[in-house]
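*Asks:* Dumping the structure here so I can ask a few things about it.
In our numbering, the protein residues as written are 333 to 614.
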C-alpha cells in the first residue's frame, strides 16, 4: 500500500508550536521511527505530509524532506509541502519549494479563521497549483465542509484531496440518524459532486471514542465515502504519528484490512495504491 499521509517530526530541525497541547506528539518522530511503527503494514511507499511548522520555516521543511526523498531507500515517493496562499508572494514561495518530489501543498485551514480561504487572492493563488500540476490537500473540520466546497468550486482546475474524510466528529455521532452525522453526510455528498475532489481515508480513529474504534464502528464512514466518491476517488493514509492519539498505526492498518476485505481486489487496489499514483503523479 501507499501511505499518502506520513508526518515526520524533527524537533531539532524545526519548531512545532502547535504540539504543545498534545503531549503524545512531543518529541521526535523520525523516518526510522515510522519504519518501525509500520513494520507489519506492508507500506511500499509514502507521501510526506507537511507538519505545520512554525511561521517562516516551511521552505526549510520542504528542502529537508526533498533531500530525504532523493534516497530511494527512504521510500518517500512525494512531498506535500506547506505554503501560504493568503500571502502576496505565493508564486515565489512555490518557486522556492519546487522539486521533482513536490506533488502539492497544504495550508491547514481548521486552525485559521474561516475567512482565510474565502478571499479572491487566496483562490487566485490556489489556481496557480493547477497550472503547475500540483494538488491541494484540504484539512478542515466537519463544521467547515462548506468552506472546502466553496474553495473547490472556485478553483475547478485544481485537484483537491479532502484529508481525513472531512474530519467527522465521530465521538458525537450516536447513530447514523444523529444531527451531527447528517451534517457530515451532507457535506460529503456535496463535495463528492465536485469532479476535482478526492477523499482521503485516514485519521478517523483520532476522532472516535475507544468503543467506536472497531471495524463495526468505523464501517459507516467507509461506506459513506464509497457511495459518494467511489473507489477511484479515495486514497489511504496512515496519519502517523497523529494516529498514536488513538491506537497507533498498526491498529489502523488492521482496521483498514478488515474494512476493505468486503471490497473487490480491484477496489482495494484503487484505494491502497493506484489512486495515489495517479492523483499525486507518482
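In this text, a Cβ means the ideal position worked out from N, Cα and C, and glycines have one as well.
Once DSSP output is grouped into helix, strand and coil, what is the label at residue 450?
*Replies:* helix
*Asks:* Could you round the C-beta distance between residue 536 and residue 497 to whole angstroms and report it? I think they count as a contact, below 8 angstroms.
*Replies:* 6 angstroms
*Asks:* How would you label residue 612, buried or exposed, when you count the other beta carbons within 10 angstroms and need 16 or more for buried?
*Replies:* Flag for residue 612 reads buried.
*Asks:* Helix, strand or coil: which one does DSSP assign to residue 372?
*Replies:* coil
*Asks:* Opposite residue 434 in the DSSP bridges: which residues?
*Replies:* 411
*Asks:* Roughly how many whole angstroms lie between the Cα atoms of residue 595 and residue 559?
*Replies:* Rounded to the nearest angstrom, the two C-alpha atoms are 12 angstroms apart.
*Asks:* Just the C-alpha distance for residue 534 and residue 432, rounded to the nearest angstrom, thanks.
*Replies:* 25 angstroms
*Asks:* Is residue 482 helix, strand or coil by DSSP?
*Replies:* helix
*Asks:* Are the CB atoms of residue 471 and residue 492 within a distance shorter than 8 angstroms?
*Replies:* no
*Asks:* Between residue 462 and residue 487, is the Cβ-Cβ spacing less than 8 angstroms?
*Replies:* In this structure, residue 487 lies closer than 8 angstroms to residue 462 by Cβ.
*Asks:* For residue 377, list the residues DSSP reports as bridge partners.
*Replies:* In DSSP, residue 377 forms a bridge with 334.
*Asks:* To the nearest angstrom, how far is the alpha carbon of residue 548 from that of residue 349?
*Replies:* 36 angstroms
*Asks:* With residue 442 and residue 473 assumed to form a contact (beta carbons below 8 angstroms), what rounded beta-carbon distance in angstroms separates them?
*Replies:* Right, their Cβ atoms sit about 5 angstroms apart.
*Asks:* Any idea if residue 335 is buried or exposed, counting beta-carbon neighbours within 10 angstroms, 16 or more meaning buried?
*Replies:* buried
*Asks:* According to the neighbour-count rule (16 or more other Cβ atoms, all chains shown, within 10 Å of its Cβ), is residue 368 buried or exposed?
*Replies:* exposed
*Asks:* Decide if residue 469 is buried, meaning its Cβ has at least 16 other Cβ atoms within 10 Å, or exposed.
*Replies:* buried
*Asks:* Quick one: which unbroken alpha helix (DSSP H) runs of 4-plus residues sit fully inside the segment 455-543? Chain order, please.
*Replies:* 477-486 and 511-524
*Asks:* By the DSSP assignment, the alpha helix (DSSP H) with residue 584 in it spans what residues?
*Replies:* 581-592
*Asks:* Please list, in chain order, all residues of the same chain as residue 366 whose beta carbon is under 7 angstroms from its beta carbon, the five residues on each side excluded.
*Replies:* 338, 340 and 572
*Asks:* What is the DSSP secondary structure of residue 346, counted as helix, strand or coil?
*Replies:* coil
*Asks:* Considering only C-alpha positions, which residue in the set 363, 387 and 419 is nearest to residue 380?
*Replies:* 363
*Asks:* For the beta strand (DSSP E) containing residue 603, list its first residue and its last residue.
*Replies:* Note, residue 603: premise wrong, no beta strand (DSSP E); not H, not E.
*Asks:* In chain order, which continuous runs of the beta strand (DSSP E) of length 3 or greater are located wholly inside the segment 552-582?
*Replies:* 566-568
*Asks:* For residue 408 and residue 495, I'd like the C-alpha separation in whole angstroms.
*Replies:* Across the structure, residue 408 and residue 495 are spaced so that their CA atoms are roughly 19 angstroms apart.
*Asks:* Which residues mark the beginning and the end of the alpha helix (DSSP H) in which residue 429 is found?
*Replies:* 422-429
*Asks:* Taking contact to mean 3 or more Cβ pairs, one atom from each stretch, closer than 8 angstroms, check whether the segment 437-453 and the segment 507-523 are in contact.
*Replies:* In short, these stretches do not touch, since the Cβ pair count stays below three.
*Asks:* Is it buried or exposed, residue 545, if we count other Cβ atoms within 10 angstroms and call 16 or more buried?
*Replies:* A buried status is given to residue 545, since no fewer than 16 other beta-carbon atoms sit within 10 Å of its beta-carbon.
*Asks:* Quick one, which of 484, 606, 541 and 563 has its alpha-carbon nearest residue 528's?
*Replies:* 484
*Asks:* Answer with buried or exposed for residue 576, where buried requires no fewer than 16 other C-beta atoms within 10 angstroms of its C-beta.
*Replies:* buried
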